[in-house]
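Line order of the protein sequences matches chains Y and G.
Per our numbering, residue 61 is the first one in the first sequence, and the count goes up by one each step.
Per our numbering, residue 4 is the first one in the second sequence, and the count goes up by one each step.
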Amino acid sequence: MRLIIEKRLESSRLIAFLVPIASILLALLAGAGLLAAAGVNPWQTYRAMALGAFGSKYSLSETLVKAIPLMLSGLGVSIAFRMLFWNIGAEGQLAMGGFAAAGVALFLADKIPDPLLLPAMFVAAFLAGALWGLIPAGLKAALGVNEIITSLMLNYVAILWIEHLFYGPWKDPQGYGFPGSAQFPKAAWLPRLTGRVHAGLIIAIVAAAFLWLVLGRSKWGYEIKVIGENPRAARYAGMSLARNILLVMLLSGGLAGLAGFGEVAGISHRLQKGLTVGYGYTAIIVAWLARLNPWGVLLVAFLLAGLLVGGDQIQITMGLPAAMALVLQGAILFFVLGGALFAQYRLRLVRRPPGLSTSAEVTE
Amino acid sequence: MIDTSSDPAVAMRGITKRFPGVLANDHIDFEVQAGEIHALLGENGAGKSTLMNILTGLYRADEGEIALHGRRVDIRSPRDAIALGIGMVHQHFMVVEPLTVAENIILGLNKPRFALNMKRAEEEIAALSQRYGLRVDPHAYIWQLSVGEQQRVEILKMLYRGADILILDEPTAVLTPQEAGELGRTLRHMAAEGKAVIFITHKLDEVAEFSDRVTVLRRGRVVATLPTAETTRSDLARLMVGREVLFRLEKEAVEPGETVLDVQGLRALGDKGLPALQGVSFQVRAGEILGIAGVAGNGQRELAEVLTGLRKASAGRVLVGGRDITNRSPRVVIDEGVAHVPGDRLGMGLVPDLAVSDNLILKSYRQPPFCGGFFLHRDSINEHADNLIAAYDIATPSPATPVKLLSGGNLQKCILAREITTGRGLLVAVHPTRGLDVGATEAVRRTLLEQRAAGMAILLISEDLDELLAISDRLAVIYEGRIMGVVDAASADLEEIGLMMAGTEVSTSNPKP
């Protein structure tokens with residue numbers, strides 16, 4: 061008996077739907093093993109996590125708060141990935157978006173009429189994220205520089221740049237030494253929907269709808285699809301790869317920049333430590349698990365945010381390290397990506413009769 | 004020693020191999036005697052390669068058994084096959100360019116475990132090449148060799164490993180007629196020494212010329228095994244295709260019009276930065292097919308790429324309809340009405356995962372009625388797809404089917420349909436029928452002739468001399484990036500073309516118009 065892997069003729073919708081669910085269940089099962097090894101009851105832990113993330117109005121709103129930056133930067137990452145441009149720099153683009161929004165709120169508040177302040181911050185954040193994204197895009201388009209390296213490295217530049225600001229020149233003199241800028245004027249606060257959930261959620265939903273429309277219905281979406289599937293065919297068809305890389309990264313970086321805008325204008329109301337906690341990296345997982353589908357990004361971002369919030373919760377209620385949630389996150393990614401193989405391939409058990417022969421019977 | 008017993012060198016019995024959705028080999032019985040040249044004839048997809056891949060250990064049969072010289076064997080891997088004396092020369096050579104002939108031949112052998120006696124190996128190789136008439140210098144580097152010589156290296160490699168069953172996969176596809184003749188003599192020599200030679204082909208002439216017996220496969224089954232002497236070309240064709248085949252396509256007499264494509268002194272570099280085109284000049288007129296003949300790798304691909312804006316020319320000019328398009332972008336070239344059927348269908352001509360309908364607008368998606376500024380118009384795109392699918396007889400479950408699920412012939416029909424509807428004036432077709440079965444080949448050639456009759460200027464780049472002779476009006480032979488001569492296809496002399504393909508300049512029987 062031996063296992064052989066063979067390609068499925070067509071990946072059915074049912075399989076495409078069942079495989080991720082089975083993968084997540086298996087990941088939870090593997091996580092249960094780890095939890096049991098850590099000496100806690102897995103069932104209780106999962107229950108505590110689920111309640112902590114989705115069990116009450118408060119916990120749901122906290123999950124949404126964490127989901128918003130994941131949604132926006134996840135959408136940004138997903139559109140770049142669709143074109144096989146590996147933008148690992150959402151974290152830096154988010155930081156630069158937060159920086160630009162904070163700059164407008166702190167220094168231009170008295171020059172801009174109040175109703176226009178938030179729109180100005182929105183535009184500044186989008187542009188800052190976009191420009192940060194355009195650096196690796198331009199280098200790739202003009203010189204063929206590997207964007208994975210450049211976009212990743214620029215994260216450190218951006219993070220250190222905002223740290224420099226809130227530890228140094230922008231530090232609040234009345235902040236008792238706390239690393240952060242002064243608080244923004246009220247006009248620069250994003251309205252809240254419920255709890256700490258701010259209007260960034262609406263921006264994310266609108267952005268997803270926009271991407272869905274562009275990707276599915278527009279000429280540009282068609283070009284992105286063709287370039288992503290077969291760059292040689294795209295060139296053959298007269299599409300400009302350089303132009304599309306720049307345009308897509310403008311949008312990708314801009315969306316991540318908006319995530320930064322949401323964080324500073326909707327949550328902290330200042331530029332402070334804690335803006336860059338890894339949303340930009342988790343966004344990569346979000347985009348991938350969502351198979352780069354805009355609506356999928358919203359859903360996956362919400363679920364992963366729940367995992368983060370639930371992870372914080374078990375720290376408090378079960379006395380477990382928060383890293384446990386990250387372990388689970390890693391396990392889920394591992395299983396879902398591994399499971400993707402089974403959406404396209406299937407395993408077959410093949411029995412071979414003994415003796416020197418090449419005959420083999422097929423068992424389904 | 005010649006095997007005189009009745010046990011065949013190779014006996015495959017009841018071989019069955021299934022791939023998802025395809026029965027590639029259906030209870031195939033196949034025998035080859037020591038000392039014979041056995042042709043394995045069939046269309047693409049008939050199961051020839053699968054059967055040979057089973058014999059060489061690349062695939063495993065689902066059912067059936069193999070015996071060599073009367074002994075049952077279990078071939079689990081290519082390593083087993085080599086150990087059993089089975090050697091295969093693939094269509095794409097497995098040679099390492101920066102190494103010498105001798106180094107390539109001993110590569111992968113674990114015979115000298117520690118000390119490598121290069122000199123002795125070279126002597127042995129020289130002796131082998133002498134014995135079989137495989138002229139090649141053991142000290143030469145592979146990159147210095149012609150394709151024909153590289154093929155000899157591959158054959159020597161098998162002989163050096165002690166193979167007594169040799170399989171050659173479409174060995175003449177890359178050879179000039181003269182080189183093919185030489186290969187035939189070598190095969191004959193090897194058979195005379197008692198080796199079993201199997202060659203895979205879909206060319207009827209080669210079967211008649213080289214083989215002692217022929218086994219014809221169709222759709223995974225053996226249709227017949229016959230002594231070659233008892234067959235005729237049309238018998239074999241009928242067996243292979245399952246119906247009568249047209250060997251001559253009706254070619255209307257078309258009076259060529261004005262010059263559409265004017266190429267002047269074109270030079271360009273290849274992928275490795277070496278000159279691939281070294282001053283190419285020719286013209287193609289409306290209503291005319293100019294064929295470019297030549298052994299693969301003599302600048303054909305680069306020529307097509309420069310003409311379509313995909314590669315930069317370093318010198319020279321390309322005029323289409325009198326307008327200079329030298330070094331303009333592919334977009335501009337498309338807008339000038341140049342259609343391009345690329346040699347690599349799925350790699351360049353189509354987007355495998357996109358729907359048939361989306362692939363049919365690859366060149367026209369920017370224009371109305373498919374696009375109104377920003378959004379695409381689905382209705383027009385679907386209508387367009389329905390029209391082309393009907394007009395070009397494209398077999399697809401639906402316009403929304405990913406194009407990669409179509410057969411080779413239908414892929415090519417998609418490309419042709421799209422290019423002909425978007426192109427105006429000039430069509431550059433590269434290997435348009437390569438890998439297609441007879442039916443699809445006929446359809447493609449017919450379409451090209453229809454376009455010729457409709458006044459299109461067609462540049463046909465092909466490695467298939469029969470095809471070039473059948474449908475082109477004039478034939479230009481390219482060798483190392485130079486046009487060696489242009490001849491009239493109707494009165495072309497095969498010997499002369501062969502000489503030009505091998506690099507001999509011949510006074511052209513039909514000077515440029």
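Glycine included, every Cβ here is placed at the ideal spot set by N, Cα and C.
Just so we're clear, the structure is a prediction, and the values are computed from it rather than from any experiment.
Beta-carbon proximity check, residue i vs residue j, cutoff 7 Å
i, j, result
"Ala343/Y", "Gly152/Y", "no"
"Gly223/G", "Leu26/G", "yes"
"Ile418/G", "Arg448/G", "no"
"Ala194/G", "Gly88/G", "no"
"Ile464/G", "Val433/G", "yes"
"Val3/G", "Val98/G", "Nothing about residue 3/G can be read from this structure; chain G reaches only from 4 to 516."
"Gly411/G", "Gly376/G", "no"
"Ala316/G", "Asn330/G", "yes"
"Gly91/Y", "Leu388/Y", "yes"
"Gly484/G", "Leu280/G", "yes"
"Gly198/Y", "Gly317/Y", "no"
"Ile85/G", "Arg155/G", "no"
"Ile364/G", "Phe378/G", "no"
Under 8 Å by beta carbon: chain G residues contacting residue i
i, result
"Ser278/Y", "Phe377, Phe378 and Leu379"
"Arg351/Y", "Chain G residues near Arg351/Y: none, gap ~13 Å exceeds 8 Å."
Opening and closing residue of the alpha helix (DSSP H) in which residue i lies
i, result
"Leu310/G", "Gln303 to Leu310"
"His135/G", "For the sequence presented, residue 135/G should be read as Tyr rather than His. Per DSSP, Tyr135/G belongs to the alpha helix (DSSP H) from Met121 to Tyr135."
"Met156/Y", "Ala150 to Phe167"
"Phe377/G", "Unbroken run through Phe377/G: none, as it is neither H nor E."
"Lys160/G", "Val150 to Tyr163"
"His49/Y", "The question about residue 49/Y has no answer here: the residues shown for chain Y are numbered 61 through 424."
Neighbouring residues, chain Y, relative to residue i (Cβ below 7 Å)
i, result
"Ile337/G", "Gly298"
"Tyr368/G", "Lys279 and Tyr282"
Buried or exposed by the 16-neighbour rule on C-beta atoms within 10 Å, applied to residue i
i, result
"His142/G", "exposed"
"Ser512/G", "The predicted position of Ser512/G is uncertain, since its pLDDT is 48 and thus under 50; a value taken from the coordinates is nonetheless stated next. Label assigned to Ser512/G: exposed."
"Met143/Y", "buried"
"Tyr216/Y", "exposed"
"Lys285/Y", "buried"
"Pro11/G", "buried"
"Trp230/Y", "buried"
"Pro80/Y", "buried"
"Thr235/G", "exposed"
"Pro345/G", "buried"
"Glu255/G", "exposed"
"Ile18/G", "buried"
"Ser211/Y", "buried"
"Lys126/Y", "buried"
"Tyr282/Y", "buried"
"Lys246/Y", "exposed"
"Ile109/G", "buried"
"Asp167/G", "buried"
Limits of the beta strand (DSSP E) - the one that residue i falls within
i, result
"Gly67/G", "Glu66 to Leu71"
"Asp32/G", "Val25 to Val35"
"His41/G", "Ile40 to Leu44"
Per-residue contacts from residue i into chain Y (C-beta, under 8 Å)
i, result
"Pro333/G", "Arg295, Tyr296, Ala297 and Gly298"
"Pro580/G", "Outside the shown range of chain G (4 to 516) lies residue 580/G, about which nothing can therefore be said."
"Leu313/G", "Arg295 and Tyr296"
Proximal chain G residues relative to residue i, where beta-carbon distance stays under 9 Å
i, result
"Asn290/Y", "Leu349, Gly350, Met351, Leu353, Val354, Pro355, Asp356 and Leu357"
Contact list for residue i against chain Y, beta-carbon separation under 9 Å
i, result
"Cys374/G", "Ser278, Lys279 and Tyr282"
"Leu391/G", "Those do not exist, as Leu391/G stays about 16 Å from chain Y at its closest Cβ, beyond 9 Å."
Closer than 6 Å: residue i CB and nearest the ligand SAH heavy atom
i, result
"Arg236/G", "Judged by which ligands are present, the structure shown has none, so any question about the ligand SAH falls away."
Minimum Cβ-Cβ distance from residue i to chain A less than 7 Å
i, result
"Glu209/G", "Judged by its chain identifiers, the structure shown contains no chain A, and its protein chains are Y and G."
The segment 352-364 of chain Y in contact with the segment 188-207 of chain Y per 3-pair CB rule at 8 Å: no
Meets three-Cβ-pair contact criterion under 8 Å: the segment 193-210 of chain G and the segment 159-179 of chain G: yes
Three or more C-beta pairs below 8 Å linking the segment 351-364 of chain G and the segment 323-332 of chain Y: no
Inter-stretch contact (C-beta, 8 Å, three-pair minimum) for the segment 279-287 of chain G and the segment 260-270 of chain G: yes
Three or more C-beta pairs below 8 Å linking the segment 392-402 of chain G and the segment 426-433 of chain G: no
The segment 272-290 of chain Y touching the segment 110-126 of chain Y, judged by at least three CB pairs closer than 8 Å: no
Three-pair Cβ contact test at 8 Å for the segment 289-304 of chain G versus the segment 331-340 of chain G: no
Validate contact between the segment 204-218 of chain G and the segment 38-52 of chain G using beta carbons, cut 8 Å, 3 pairs: yes
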